[in-house]
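Below is one structure; the comments refer to it alone.
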Amino acid sequence: MAQVGIVMGSDSDMPVMAKAADVLEELGVSYEMKIISAHREPDVFFEYARTAEERGFQVIIAGAGMAAHLPGMCAAIFPLPVIGIPMHTSSLGGRDSLYSIVQMPSGIPVATVAINGGANAGLLAAKILATSDSSLLARLKEYSAKLREQVMAKDARLQEIGYQEYLGK
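Per numbering that gives the first Met the number 0, residue 0 is the first one in the sequence shown, and the count goes up by one each step.
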């Protein structure tokens, strides 16, 4: 049974949403990924959000661009945490999506990550789940340690070769 639902309104969102899935896979968190348009197929969307809890979802990650109704509508129906990913848009650079997701009315919160922040959405979902899963918490700590080691290796290389060679100048 999937713990996290990943839903997007269009397949154009897939590259960003895949980053959330990649993180969840790396951390051993089960998920289900769907393309559902809240505007073009509202009946399918309502059924998805209405039955998400009984299907075992503990968190939903919803990505949307422009009017970005998908995350907020999920939060209006699904009683557990929803994480919104605002998508970059060509017209307003994703600010339209960001404002649509983050400016929810009182009583309908949506946790919101950066524009195109798929990886952070996956991490946030895992951190929410880790509050009651000590083995997942241990995997998250290992993930953080790996990030730290990567930064330290990059700095060691910089110190060894200098910034010009590091940049390939």
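We treat Cβ as the ideally placed atom computed from N, Cα and C, and that holds for glycine.
Simplified DSSP state of residue i, which is helix, strand or coil
{"i": "Val-6", "result": "strand"}
{"i": "Gly-62", "result": "strand"}
{"i": "Gly-71", "result": "helix"}
{"i": "Ala-113", "result": "coil"}
{"i": "Lys-33", "result": "strand"}
Burial state of residue i, where buried means 16 or more other Cβ atoms lie within 10 Å
{"i": "Val-22", "result": "buried"}
{"i": "Gly-161", "result": "exposed"}
{"i": "Ala-152", "result": "exposed"}
{"i": "Ala-155", "result": "exposed"}
{"i": "Tyr-47", "result": "buried"}
Under 8 Å between C-beta atoms of residue i and residue j
{"i": "Val-81", "j": "Ala-110", "result": "yes"}
{"i": "Met-72", "j": "Ile-34", "result": "no"}
{"i": "Gln-170", "j": "Leu-128", "result": "Only positions 0 to 168 of the chain appear in the structure, and residue 170 is not among them; the question remains open."}
{"i": "Met-16", "j": "Gly-62", "result": "yes"}
{"i": "Leu-97", "j": "Pro-85", "result": "yes"}
{"i": "Ile-76", "j": "Arg-49", "result": "yes"}
{"i": "Ala-74", "j": "Met-103", "result": "yes"}
{"i": "Ala-51", "j": "Ile-60", "result": "no"}
Residue of the options minimising C-alpha distance to residue i
{"i": "Ile-99", "options": "Ser-89, Gly-106, Gly-83 and Ser-90", "result": "Going by the sequence as given, residue 99 is Ser instead of Ile. Checking every option, the nearest Cα to that of Ser-99 belongs to Gly-83."}
{"i": "Ser-134", "options": "Gly-27, Arg-54 and Val-3", "result": "Gly-27"}
{"i": "Leu-136", "options": "Leu-122, Gly-116, Pro-104 and Tyr-47", "result": "Leu-122"}
{"i": "Ile-114", "options": "Glu-52, Met-65, Glu-46 and Gln-57", "result": "Met-65"}
{"i": "Ile-107", "options": "Tyr-165, Thr-130, Leu-79 and Arg-94", "result": "Leu-79"}
{"i": "Leu-29", "options": "Gln-57, Gln-163 and Met-103", "result": "Before going further, note that residue 29 is Ser rather than Leu in the sequence given. The shortest Cα separation from Ser-29 among Gln-57, Gln-163 and Met-103 belongs to Gln-57."}
{"i": "Ala-118", "options": "Ala-67, Tyr-142, Glu-53 and Ser-105", "result": "Tyr-142"}
Exercise. Please go through the region 93 to 151 and give each complete alpha helix (DSSP H) segment of 4 or more residues, from N-terminal end onward.
Key: Within the region 93 to 151, the complete alpha helix (DSSP H) segments of 4 residues or longer fall at 94 to 101 and 117 to 129, listed in chain order.
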